[in-house]
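> Take this structure, written in structure tokens, and hold onto it; I'll ask about it next.
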Amino acid sequence: MANVESFDLDHTKVHAPYVRLAGLKRTPHGDAISKYDLRLLQPNQGAIEPAAIHTLEHLLAGYLRDHLDHVVDVSPMGCRTGMYMAVIGEPDETGVLQAFESALQDVAAHDRPIPGVSELECGNYRDHDLAAAREHARAALDAGLKVQETVLLQR
Ligand SMILES: [Zn+2]
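Take the numbering used here: the last position of the sequence shown gets the number 1282, and nothing is skipped along the way.
Written as structure tokens, this is what we have:
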């Protein structure tokens, strides 16, 4: 099986909430694609409820793009402790941190309908929780986000 870089991260040595440059790839034409972890909860000490992380996905998809150029994708981690983000280029970590903070402030203040929530637009449109998504955004902001260095597992 191919090596997956996130399995090399020592998940006991990180301090959430944080942003972390998880990987950098180059296309055959030489363009960079950066992959970031946007971690909201400390690994193995809790998980965001499925409905709440689904709503975070819908809101961050738009709000992160408002604050950071060339976002390719923002999607939930299967462990439900945060999001993955792929972005074209090599934005510096501090810029990603500021964009994530701004997007979380937007989420925490979001008091309109969740975008993309209909049977036509979403694969599970009944499964959303705006109040919980806002609380998770607020909690991460209150805890203070930082840039996390990668600490590799010692195997
Ligand atoms: Zn959806």
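Glycine included, each C-beta is placed from N, C-alpha and C at the ideal position.
(1) With DSSP run on the structure shown, which of helix, strand or coil describes Val1131?
(2) Find the nearest neighbour of Phe1227 within the set Leu1280, Val1244, Val1201 and Pro1242, judged by alpha-carbon distance.
(3) Counting only the same chain and skipping the five closest in sequence on each side, list residues whose C-beta sits under 7 Å from that of Glu1220.
(4) Please indicate yes or no: does the CB of Glu1246 lie closer than 8 Å to some heavy atom of ligand 1?
(5) So, for Pro1144: in the same chain, excluding its five sequence neighbours on each side, which residues have a beta-carbon less than 7 Å away from its beta-carbon?
(6) In chain order, what residues of the same chain have a beta carbon less than 6 Å from the beta carbon of Arg1265, not counting five sequence neighbours either side?
(7) Enumerate in chain order the residues of its own chain whose CB-to-CB distance from Glu1176 is below 7 Å, with the five nearest sequence positions on each side excluded.
(8) Would you mind working out which of Lys1162, Thr1154 and Pro1155 sits nearest Glu1132, comparing C-alpha positions?
(9) Starting from Asp1164 and walking both ways along the beta strand (DSSP E), at which residues does that stretch end?
(10) By a C-beta neighbour count over all protein chains shown, 10 Å radius and 16 as the cutoff for buried, is Met1212 buried or exposed?
(11) Buried or exposed for Ala1288, please, with buried defined as at least 16 other CB atoms from any protein chain shown within 10 angstroms of its CB.
(12) Less than 8 Å between the CB atoms is what I'm expecting for Ala1230 and His1194, so what's the real figure, rounded?
(13) For Ser1202, does the three-state DSSP call read helix, strand or coil?
The short version:
(1) Residue state, collapsed to three classes: coil.
(2) Selected option, being the one with the closest Cα: Val1201.
(3) Counting only Cβ-Cβ distances below 7 Å, and skipping sequence neighbours, we find Val1146, Leu1148 and Val1274.
(4) No.
(5) Excluding sequence neighbours, Pro1144 sits near Arg1166, Leu1167, Ala1267, Ala1270 and Leu1272.
(6) Answer for Arg1265: Ala1235, listed in chain order.
(7) Cβ neighbours of Glu1176 beyond the five flanking positions: Asp1256 and Ala1259.
(8) The residue with the shortest Cα to Cα distance from Glu1132 is Lys1162.
(9) It spans Ala1159 to Arg1166 - the beta strand (DSSP E) in which Asp1164 sits, taken as one unbroken run.
(10) By the neighbour-count rule (16 or more Cβ atoms within 10 Å), Met1212 is buried.
(11) This structure gives no information on residue 1288, because the portion of the chain shown stretches from 1128 to 1282.
(12) The Cβ separation is near 5 Å, so the contact holds.
(13) If DSSP states are grouped into helix, strand and coil, Ser1202 belongs with the strands.
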